[in-house]
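The structure appears below as structure tokens.
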Amino acid sequence: MNRPPAAVLWDMDGTLVDTEPYWIDAERRLVESFGNDWPDHRAHAVVGFDLHDTARYMIEHGGIDWTPEAIIDWLLAEVIKGVERHIPWRPGARELLAELGAAGIPCALVTMSWRSFVEPVLAALPPGSFATIVCGDEVEMGKPHPEPYRRGAELLGVDPADCVAIEDSPTGMASALAAGCRVIGVPNVRDLDPAPGALILPTLSGVDLAALSDRDRWEAARPGAPRRNSLAVIGVLLLAVATAIGAAFVLDGDDEPTTLPPGAVPIDVWAPYWTLDRHLADVGSTAERLDGIRELSPFWFTATDADTIVADQYLPEGAAGEFMGLVADSPARVVPAILDTLPAGGMAAIITDPATRARHVAAIVGFAEEVDADGIDIDYEQFAFADDPTTWPTTSPAWVAFITELGAALRAERRTLSVSIPAVYDAAVTGDPGYWVYDHGAIAPHVDSMRIMAYDFSTATAGPIAPVAWVAQVLDGVLGAVAPEFHDRIVLGIPAYGYNWPVASVGQCPDDAPGRTGLTPASLDDLLARRGAEPVFDPLTVEWSLEYDLEVSDASTSCTQTRRAHWVDAEGVAERVRMARRAGVGGVALWAFGYEDADVWAALVGASTEDLTPEAP
6 MNRPPAAVLW DMDGTLVDTE PYWIDAERRL VESFGNDWPD HRAHAVVGFD
56 LHDTARYMIE HGGIDWTPEA IIDWLLAEVI KGVERHIPWR PGARELLAEL
106 GAAGIPCALV TMSWRSFVEP VLAALPPGSF ATIVCGDEVE MGKPHPEPYR
156 RGAELLGVDP ADCVAIEDSP TGMASALAAG CRVIGVPNVR DLDPAPGALI
206 LPTLSGVDLA ALSDRDRWEA ARPGAPRRNS LAVIGVLLLA VATAIGAAFV
256 LDGDDEPTTL PPGAVPIDVW APYWTLDRHL ADVGSTAERL DGIRELSPFW
306 FTATDADTIV ADQYLPEGAA GEFMGLVADS PARVVPAILD TLPAGGMAAI
356 ITDPATRARH VAAIVGFAEE VDADGIDIDY EQFAFADDPT TWPTTSPAWV
406 AFITELGAAL RAERRTLSVS IPAVYDAAVT GDPGYWVYDH GAIAPHVDSM
456 RIMAYDFSTA TAGPIAPVAW VAQVLDGVLG AVAPEFHDRI VLGIPAYGYN
506 WPVASVGQCP DDAPGRTGLT PASLDDLLAR RGAEPVFDPL TVEWSLEYDL
556 EVSDASTSCT QTRRAHWVDA EGVAERVRMA RRAGVGGVAL WAFGYEDADV
606 WAALVGASTE DLTPEAP
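Start counting the sequence shown at 6; every next residue gets the next number (this note's numbering).
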């Protein structure tokens, strides 16, 4: 029976007011001030984002050498100037808002803009237009996480399933749908694709309360119920690449595995979304490298609760589709990685309760079915790096039960299961048991691949990335924890990257002075050319390092930073592959596909197949 919504939850930028051009202009001017370009696909990628996420994206892709906080402050100041000059209302928005107020339908503003920017817009509306407001600086998780819309409904005292949300971006739609709302999508800068529970309209002009009350117009009557096999669950962003991905995510039971020389190891890779541009800039090299890969894991997906798997909000749909088209023409099996980005203890709580654990298994199996994946890679690192170790005795058996149930469910669908987990050590030798919460030995019979992340030895302070002595301890630890009959399921994670740290400074550094930054073989030549310093090779770690001085200043302060970079180059990659082969494990996995240059890739492939037989004396 059709009835008015209990409440209407409004996005602001691009929905109520057409401020997206203000944001895009401000972003472009800031990026260009650093001598870089900000093309439309970059600007459109962050529409609907939380401002912290936008700032981090601009640092990564715009080359801005500021802190996220400084970027946010500058953008807000510039956009507020534009709004104070003129508020560009979207067609039909104020009329619908006024009708809802007259009918006594409460409204909430649910925006990722900050309170300081929202106030000028509210001041131009009749008092009481919104009963409550949820701003981006007042939530822990921004869109596409469901928290903002759940919070808006909670403040109004209504069930999200009884609400209508009005949105203009894929990110916002994903957030509202995941919260359980019905959604009206009104495209602005970004195109919107149909999804269960969403009604796409060209404009709000002519939309009235009767239209919002007509539930028959929605594709799904109650999207608040769990949607195991709906693309709305895994994120509206995924829909744009589903066709290309579907062509690649096919498991053919008649396919024979690639034949490798005796003693050789296959190569797996993680493929993060932020390297897609590099792959598409040299399609020929990418296609050639794909031919040598056993499994490729798009590093694009996140579990946001027990029932929801979403595409990463930064995922550029067009680039992802082109890349998956290349993968479809290669022999690589595609095994999407799913990350846990819940707050500390969140995933542990899900898998510890048998009921929510079963729901989570069903959600993952449904996701694999939806994208027709060859398998799934579970990368749940919060247990190790966010949760208190005192919780591990409870989490560990729940993790084993989760992997056991998920492995059986995926195998029933002829799909594989891999896990990406940190190391376990030999406490008797090292004095450190490592991350035993993952119980490597107990899960080994239930996984097809166990990728051990043998990198990030140094993160907080300058030091080696994966010193070979430590890698040897990692191998010894996992081989000791896992029964010999499952050693061929162990895959050694190998780094092709580095970090660049400040280690000392003279003078007063500005607040936005650079901290630790990333370094890849593909970007190393530029650093060496700019700094003119000589790198140093350490035969004990089989890594390189570089130290140099960097002048940092702003209008009032200046300092000289001493910076030190450490990285693994082609020679280091090759040696770690040889270590994996000598240990008798079942493969190697590169972090990350797109970080490597031609020398690193050649070394990786060469070391995976070269003859390791010692020469006769």
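Glycine included, C-beta positions come from ideal geometry on N, C-alpha and C.
Asked, Found
"Roughly how many whole angstroms lie between the Cα atoms of P277 and S134?", "43 Å"
"Counting only the same chain and skipping the five closest in sequence on each side, list residues whose C-beta sits under 6 Å from that of T24.", "D18"
"Apply the 10 Å Cβ neighbour rule to F39 and answer buried if 16 or more other Cβ atoms are within range, or exposed otherwise.", "exposed"
"Taking the C-alpha atoms as reference points, what is the distance between S118 and D55?", "7 Å"
"What residue range is occupied by the uninterrupted beta strand (DSSP E) comprising F623?", "For residue 623 there is no data in the structure shown, the boundaries of the chain being 6 and 622."
"Threshold first: 3 residues or longer. Then list the beta strand (DSSP E) segments lying entirely within the segment 423 to 465, N to C.", "454 to 457"
"Spell out a yes or no on whether the segment 352 to 363 and the segment 404 to 412 are touching, meaning 3 or more CB-CB pairs, one atom from each, closer than 8 Å.", "yes"
"Quick one: what does DSSP say G498 is sitting in, helix, strand or coil?", "strand"
"Can you tell me where the beta strand (DSSP E) with D384 in it begins and where it stops?", "380 to 384"
"Counting along the chain, where does the beta strand (DSSP E) carrying W15 start and finish?", "12 to 15"
"Provide the residue span of the beta strand (DSSP E) that contains Q566, from first to last.", "563 to 572"
"Ignore the nearest five residues each way along the sequence and tell me which others in L102's own chain have a CB closer than 8 Å to its CB.", "W15, L21, C112, L130, S134"
"Go to D30, then tell me how far its alpha helix (DSSP H) extends in each direction, as first and last residue.", "25 to 38"
"In angstroms with no decimal places, state the Cα-to-Cα distance between W28 and D70.", "19 Å"
"For V194, tell me which candidate among L209, P175, R33 has the shortest Cα-Cα distance.", "P175"
"Which class does L102 belong to by DSSP, given the choice of helix, strand or coil?", "helix"
"Suppose you measure from the CA of P10 to the CA of F122; what does that come to, to the nearest Å?", "28 Å"
"How should H49 be labelled, buried or exposed, when 16 other C-beta atoms within 10 angstroms of its C-beta is the threshold for buried?", "buried"
"Can you give me the start and stop residues for the beta strand (DSSP E) that D164 sits inside?", "Segment: none, D164 is in no beta strand (DSSP E) and carries neither H nor E."
"Could you tell me the boundaries of the alpha helix (DSSP H) in which A585 lies?", "575 to 588"
"For the segment 305 to 336, list the alpha helix (DSSP H) runs that are entirely contained and at least 4 residues long, ordered along the chain.", "322 to 333"
"Taking only three categories from DSSP, how would you classify T176?", "helix"
"For A594 versus I499, is the C-beta spacing smaller than 9 Å?", "yes"
"Quick one: is the Cβ of V126 within less than 8 Å of any heavy atom of the ligand SAH?", "Although the ligand SAH was asked about, the structure shown includes no ligands whatsoever."
"With a cut-off of 9 Å, does the C-beta of T176 fall near any C-beta of chain C?", "Absence of chain C from the displayed structure is noted, only one protein chain being present."
"Can you look up P93 in the DSSP assignment and give me helix, strand or coil?", "coil"
"Is DSSP giving D196 helix, strand or coil here?", "coil"
"With which residues is D18 paired in a DSSP beta bridge?", "V22"
"In whole angstroms, what is the alpha-carbon distance linking T565 and P519?", "12 Å"
"Could you say which of G326, P402, W549, E89 lies nearest to P125 if we only look at CA atoms?", "E89"
"What whole-angstrom Cβ distance do M458 and P438 have, given they're in contact under 8 Å?", "That pair is no contact at about 16 Å."
"Counting along the chain, where does the alpha helix (DSSP H) carrying Y62 start and finish?", "56 to 67"
"If we call anything under 9 Å between Cβ atoms a contact, is W572 one with S558?", "no"
"Write down the C-beta distance between D273 and G592 rounded to the nearest angstrom, noting that I regard them as a contact closer than 8 Å.", "6 Å"
"Among the candidates M455, A75, E374, whose CA atom is the shortest distance from the CA of R419?", "E374"
"Give the list of continuous alpha helix (DSSP H) stretches no shorter than 4 residues that lie fully inside the segment 106 to 168.", "120 to 128, 152 to 161"
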